[in-house]
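Peer 1:
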Amino acid sequence: SNMPTAITEPHIMNQTQVASSRPRHYTVNMLITVNAKDFFDKFAGVDEQTIIDILTRRSCEQRREIAFEYERFAKKDLVSALKGALSGSLEALILGLMKSTAQYDASELKASMKGLGTDEETLIEIVCSRNNEELAEIKRVYRDSESLFKKDLEKDVAGDTSGNFAKLLLALVQTRRDEPSNVVDYEKIDEDARALYEAGVKRKGTDVVTWIEIMSQRSVPHLQKVFERYKSYSPYDMKESIRKEVKGDLEKSFLTLVECFENRQLYFASRLNEAMKSKGAKEKVVTRIIVSRCEVDLIKIRTEFKKHFKRSLYQTITEHTKGDYQKALLSLCGGDD
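So the sequence shown is numbered by the UniProt record's numbering: it starts at 1 and just counts up by one.
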């Protein structure tokens with residue numbers, strides 16, 4: 001049959017499989033139209049399962065097309081329709097999927113700084129874990145005329161944070177980090193390692209500005225070697241030094257940075273594990289990581305998860321979530337390891 005396997009096969013496929021499983025002669029446009037029609041027919045009687053099935057098994061590009069086709073059929077906006085049909089964590093997850101990765105990150109950042117009080121946890125997680133390229137794109141979207149914000153991310157961060165915490169976040173948002181170089185500069189590695197030691201553990205008080213400068217400007221491979229070299233100067237490794245030298249949001253930010261320099265996917269895996277197992281499971285954190293990484297590195301996050309926690313992300317989601325929200329997470333997760 002000419003039906004694309006992506007729709008007819010009940011088992012869950014990840015995005016790369018979906019893309020490769022489509023018969024060559026079957027055009028994406030036909031697929032999208034079939035989808036939108038199918039979606040529209042079932043959507044009339046809000047069938048959560050259909051919504052989950054179709055939207056969680058598509059790439060962002062395809063979800064956009066579906067939204068476009070849906071509007072043609074239904075004469076109404078898909079996002080508004082979804083808002084009306086869904087609620088709670090499932091709604092947050094599905095609406096998140098309707099944005100591009102950068103749009104989603106930008107809207108999460110905006111929400112973390114809106115109104116009274118700042119959600120520092122979200123701010124730290126996003127700003128300290130994204131690379132240059134991702135941050136540059138987030139800033140662009142944040143400012144974009146299409147977006148609701150038309151604001152400057154740096155201005156918002158500066159207005160919502162203070163002290164060294166603000167300095168660190170702003171230094172990161174300015175995306176001044178060096179690109180990795182083919183040349184290993186041992187002298188510079190040694191110099192940076194010594195500077196980090198002399199700015200912290202070696203002296204009374206901490207010269208935070210030096211830490212910020214090195215950690216916001218050097219390339220990731222360079223910093224990995226710096227932290228290794230650091231151990232020959234300091235009795236504590238970099239993470240222990242951070243815990244001894246700084247507290248609060250600044251401490252959390254530096255720790256997040258170092259964890260991401262060492263193994264970014266493991267950082268996300270640990271956040272997921274912690275969020276699911278914490279009392280009153282932090283569904284917001286789970287949603288954010290799964291949605292923001294599902295087209296970036298979720299497969300690698302799954303691998304790190306299994307390696308470290310000795311059970312799969314899939315099993316952990318099954319144990320710690322429920323209902324349609326769980327189904328959607330499992331579908332995005334893609335498979336059991």
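Backbone N, C-alpha and C fix where the C-beta goes; we use that ideal spot for every residue, glycine too.
(1) What's the gap between the Cα of V173 and the Cα of E120?
(2) Alpha helix (DSSP H) containing D156: first to last residue?
(3) Cα separation between R58 and N164?
(4) Around the Cβ of R72, are there at least 16 other Cβ atoms within 10 angstroms (buried) or fewer (exposed)?
(5) Just the Cα atoms here: how many angstroms apart are R176 and E108?
(6) Using 8 Å as the threshold, is the stretch 77-90 in touch with the stretch 116-133, meaning 3 or more CB pairs across them?
(7) Between I242, S232, K279, P221, which has its C-alpha nearest R264's C-alpha?
(8) Kindly confirm or deny that the stretch 210-224 and the stretch 191-199 touch, where touching means at least three C-beta pairs closer than 8 Å.
(9) Given this structure, state the Cα-to-Cα distance separating N35 from A106, to the nearest angstrom.
(10) For E240, is the classification buried or exposed, using 16 other Cβ atoms within 10 angstroms of its Cβ as the cut-off for buried?
(11) Classify D249 as buried or exposed, calling it buried when 16 or more other Cβ atoms lie within 10 Å of its own Cβ.
(12) Could you check how far apart the C-beta atoms of L272 and I289 are, in whole angstroms? I think they sit under 8 Å.
(13) In angstroms with no decimal places, state the Cα-to-Cα distance between K282 and M276.
(14) Does the separation of the CB atoms of A102 and I138 fall below 8 Å?
(15) Classify D178: buried if its beta carbon has 16 or more other beta carbons within 10 angstroms, exposed otherwise.
(16) What do you get for S21, buried or exposed, if any count of 16 or more other CB atoms within 10 angstroms of its CB means buried?
(17) Please report how far the alpha carbon of R130 lies from the alpha carbon of E274, in whole angstroms.
Peer 2: Let me lay it out:
(1) 15 Å
(2) 153-160
(3) 41 Å
(4) exposed
(5) 23 Å
(6) no
(7) P221
(8) yes
(9) 28 Å
(10) exposed
(11) buried
(12) 5 Å
(13) 6 Å
(14) yes
(15) exposed
(16) For S21, the pLDDT reaches just 38, beneath the cut-off of 50, and the residue's location in the model is therefore unreliable, leaving the point undetermined.
(17) 20 Å
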